[in-house]
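First comes the structure, then the notes that go with it.
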Amino acid sequence: MKSVILVGSTGSIGTQTLEVIRRYNEEFSVLGLACYSNVDLLNKQIKEFNPKYVCIVDKSKRDMLISGNYKLVDTIDELSDIDADITLNAVVGISGLNVTLNVLKRGGSLALANKESMVTGGQLINANRDKYFGKILPVDSEHSAIFQCLNFEKPTCEVHKLILTASGGAFRDYSLEQLKNVTAKDALKHPNWSMGQKITIDCATMMNKGLEVLEAMYLYDLPQEQVDIVIHKQSIVHSMVEFVDGAVLAQLGYPSMIVPIQLALTFPNRKYSGTEYLDFSKITELNFAKPDFTRFPVLKIALDVAKVQGIMPIVMNGCNEVLVDRFLKGQINYLEIAYYLEKVLNKFENNRIESVEQILEVDNLARAMTTKLMR
Ligand code: NDP
Ligand code: MG
Numbered sequence: 051m052k053s054v055i056l057v058g059s060t061g062s063i064g065t066q067t068l069e070v071i072r073r074y075n076e077e078f079s080v081l082g083l084a085c086y087s088n089v090d091l092l093n094k095q096i097k098e099f100n101p102k103y104v105c106i107v108d109k110s111k112r113d114m115l116i117s118g119n120y121k122l123v124d125t126i127d128e129l130s131d132i133d134a135d136i137t138l139n140a141v142v143g144i145s146g147l148n149v150t151l152n153v154l155k156r157g158g159s160l161a162l163a164n165k166e167s168m169v170t171g172g173q174l175i176n177a178n179r180d181k182y183f184g185k186i187l188p189v190d191s192e193h194s195a196i197f198q199c200l201n202f203e204k205p206t207c208e209v210h211k212l213i214l215t216a217s218g219g220a221f222r223d224y225s226l227e228q229l230k231n232v233t234a235k236d237a238l239k240h241p242n243w244s245m246g247q248k249i250t251i252d253c254a255t256m257m258n259k260g261l262e263v264l265e266a267m268y269l270y271d272l273p274q275e276q277v278d279i280v281i282h283k284q285s286i287v288h289s290m291v292e293f294v295d296g297a298v299l300a301q302l303g304y305p306s307m308i309v310p311i312q313l314a315l316t317f318p319n320r321k322y323s324g325t326e327y328l329d330f331s332k333i334t335e336l337n338f339a340k341p342d343f344t345r346f347p348v349l350k351i352a353l354d355v356a357k358v359q360g361i362m363p364i365v366m367n368g369c370n371e372v373l374v375d376r377f378l379k380g381q382i383n384y385l386e387i388a389y390y391l392e393k394v395l396n397k398f399e400n401n402r403i404e405s406v407e408q409i410l411e412v413d414n415l416a417r418a419m420t421t422k423l424m425r
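According to this note's numbering, the sequence shown is numbered sequentially starting from 51.
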């Protein structure tokens, strides 16, 4: 039986992870569960999965937890120090950084959904993964697709390019004029995927694809020039690998996060997932197009950041987290996201990353600068 610690258990990825565990409950035991503040759902999960460790970050909710045979852990960082066969990081934002690092530092297996930790701490994360022989199993669908196309191996010099597919988000076909008036409610209507709010907004600006380019660069040790993006509105091809001889391998399936989540848990084996099988007689076309930087300047900003790396991905990520939150609250409009990202990035001189403390300091500075400029 594999023991699983699930950080971010009440979210979109978290609840789908528990669906997989429910289906294969003879193969997995839930060792730990953690969320930010959704105590009602966490209580239900505690009842059903009987974890040994529980963490709820929001202290004001702690006395609402049902009693049980578990130990209450103070922080998600502490929870991730506990030895489990797999720790799945499904927290949103840079708050997941230490979870990622801790699992790798104890040489554990990390199923990684939290892309913001890879974007901000990629170099440090890889150094720790290599030093302590930790393992990263990608959960993000594009990165899982690449993992599968690479036959679960690291890329060799035979790999020419990784090709990430992008649905294009809720505003894929909007004109610049239309983009002036879109709201968070419009952005939350994603055409193909049902996900948490932050990533759905990131899809609408295409920041998500920028973050995923950085995630791919660090996961697969490749420079930005070897990671391409293609718009693919059907979300059937989840990503591809192009080899030096011109051969391209792709991973296909109907859009479902259950498949990559389950593969990360059952790796290296595959199992029935309950996901509908592709019916090629019904797929009349698969379209591919170049991303449009004029309508989606956020993606261009992210790719420029990916080229230079250093502290810039941290600045961009911190600033973006603040901007997405403001956009969700209706305090800034859609086009202001690109405007402030550019402005904040211009305030920083690039530098090398030496430590987690430095990452968190840069993140704080970027957030403070964003808030200051918006006043
Ligand atoms: P959700 O917003 O749905 O869920 C986030 C989870 O993290 C919740 O359990 C939430 O708890 C918890 N959480 C939020 N903030 C904190 C914090 N500071 N400390 C501890 N726990 C916290 O997000 P998603 O599931 O959509 O996304 C999770 C991650 O996976 C993101 O990095 C996203 O980019 C990535 N991802 C998501 C995909 C998807 O399909 N959803 C696809 C690919 C990647 P609470 O409910 O109490 O607030
Ligand atoms: Mg993705």
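The beta carbon of each residue, even a glycine, is placed where N, CA and C say it ideally should be.
Residues of its chain near residue i, where Cβ-Cβ distance is below 6 Å and the 5 sequence neighbours each way are ignored
{"i": "lysine 211", "result": "Gln276, Asp278, Glu292"}
{"i": "arginine 345", "result": "Leu226"}
{"i": "lysine 248", "result": "Val142, Val374"}
{"i": "asparagine 401", "result": "Gly360, Ile361"}
{"i": "phenylalanine 398", "result": "Val365"}
Where the alpha helix (DSSP H) through residue i begins and ends
{"i": "asparagine 139", "result": "That residue, asparagine 139, is in no alpha helix (DSSP H); its beta strand (DSSP E) goes 136-139."}
{"i": "methionine 267", "result": "257-269"}
{"i": "methionine 114", "result": "Here methionine 114 belongs to no alpha helix (DSSP H), and DSSP marks it neither H nor E."}
{"i": "serine 194", "result": "191-199"}
{"i": "leucine 226", "result": "226-229"}
{"i": "glycine 171", "result": "165-182"}
{"i": "phenylalanine 78", "result": "Run containing phenylalanine 78: none in the alpha helix (DSSP H); it sits in the beta strand (DSSP E), 78-85."}
{"i": "lysine 155", "result": "147-155"}
Beta-carbon gap between residue i and residue j smaller than 8 Å
{"i": "alanine 339", "j": "valine 263", "result": "no"}
{"i": "leucine 49", "j": "tyrosine 384", "result": "Nothing in the structure corresponds to residue 49, since the chain is present only between 51 and 425."}
{"i": "tyrosine 182", "j": "leucine 138", "result": "no"}
{"i": "alanine 300", "j": "methionine 290", "result": "yes"}
{"i": "threonine 60", "j": "leucine 81", "result": "no"}
{"i": "serine 159", "j": "isoleucine 136", "result": "yes"}
{"i": "threonine 206", "j": "glutamate 192", "result": "no"}
{"i": "valine 141", "j": "asparagine 178", "result": "no"}
{"i": "leucine 162", "j": "isoleucine 196", "result": "no"}
{"i": "isoleucine 55", "j": "isoleucine 311", "result": "no"}
{"i": "serine 285", "j": "asparagine 242", "result": "yes"}
{"i": "serine 130", "j": "lysine 111", "result": "no"}
{"i": "leucine 395", "j": "isoleucine 333", "result": "no"}
{"i": "leucine 115", "j": "valine 104", "result": "yes"}
{"i": "valine 348", "j": "isoleucine 382", "result": "no"}
{"i": "lysine 52", "j": "glutamate 77", "result": "yes"}
{"i": "alanine 314", "j": "valine 189", "result": "yes"}
{"i": "isoleucine 251", "j": "leucine 423", "result": "no"}
{"i": "cysteine 369", "j": "threonine 325", "result": "no"}
{"i": "leucine 151", "j": "isoleucine 132", "result": "no"}
{"i": "leucine 353", "j": "glycine 260", "result": "yes"}
{"i": "serine 331", "j": "lysine 283", "result": "no"}
Residue i - DSSP class collapsed to helix/strand/coil
{"i": "aspartate 133", "result": "coil"}
{"i": "histidine 240", "result": "coil"}
{"i": "leucine 212", "result": "strand"}
{"i": "glutamate 203", "result": "coil"}
{"i": "aspartate 329", "result": "coil"}
{"i": "tyrosine 322", "result": "coil"}
{"i": "proline 273", "result": "coil"}
{"i": "leucine 56", "result": "strand"}
{"i": "leucine 363", "result": "Sequence inspection shows proline at residue 363; the leucine mentioned does not correspond to that position. If DSSP states are grouped into helix, strand and coil, proline 363 belongs with the helices."}
{"i": "alanine 352", "result": "helix"}
{"i": "isoleucine 382", "result": "coil"}
{"i": "serine 289", "result": "strand"}
{"i": "leucine 122", "result": "strand"}
{"i": "isoleucine 403", "result": "coil"}
{"i": "proline 305", "result": "coil"}
{"i": "leucine 336", "result": "coil"}
{"i": "valine 232", "result": "coil"}
{"i": "alanine 300", "result": "strand"}
{"i": "lysine 283", "result": "coil"}
{"i": "aspartate 127", "result": "helix"}
{"i": "asparagine 413", "result": "Rather than asparagine, the amino acid found at residue 413 in this sequence is aspartate. It is helical."}
{"i": "aspartate 278", "result": "strand"}
{"i": "valine 142", "result": "coil"}
{"i": "arginine 222", "result": "coil"}
{"i": "threonine 344", "result": "coil"}
{"i": "arginine 425", "result": "coil"}
Terminal residues of the beta strand (DSSP E) in which residue i lies
{"i": "serine 159", "result": "159-162"}
{"i": "valine 70", "result": "Taken as a continuous stretch (DSSP letters only), valine 70 belongs to no beta strand (DSSP E), being part of the alpha helix (DSSP H) at 62-73."}
{"i": "valine 89", "result": "No beta strand (DSSP E) contains valine 89, which is instead part of the alpha helix (DSSP H) from 89-99."}
{"i": "isoleucine 106", "result": "103-106"}
{"i": "proline 188", "result": "185-188"}
Any chain C beta carbon closer than 8 Å to residue i
{"i": "glutamate 265", "result": "Annotation note: the requested chain C is absent from the structure, which comprises a single protein chain."}
Sequence-distant residues of its chain with Cβ nearer than 8 Å to residue i (five each side left out)
{"i": "glycine 184", "result": "Val153, Leu154, Lys155, Arg156, Gly157, Gly158, Ser159, Leu160, Asn178"}
Same chain, Cβ closer than 7 Å to residue i, neighbours up to 5 away in sequence not counted
{"i": "glutamate 208", "result": "Phe293, Val294"}
Original post:
Counting Cβ pairs closer than 8 Å, one from the stretch 363-372 and one from the stretch 167-175, do we hit at least three?
Top reply: A contact exists between the stretch 363-372 and the stretch 167-175.
Subject >> Segment contact flag, the stretch 213-223 with the stretch 251-265, C-beta cutoff 8 Å, min 3 pairs >> reply: As far as the Cβ criterion goes, the stretch 213-223 touches the stretch 251-265, which means the pair count is three or higher.
Original post:
Pairing CB atoms from the stretch 68-75 with CB atoms from the stretch 115-129, are three or more of them under 8 Å?
Top reply: The count of Cβ pairs closer than 8 Å, one atom from the stretch 68-75 and one from the stretch 115-129, stays below three, leaving the stretches out of contact.
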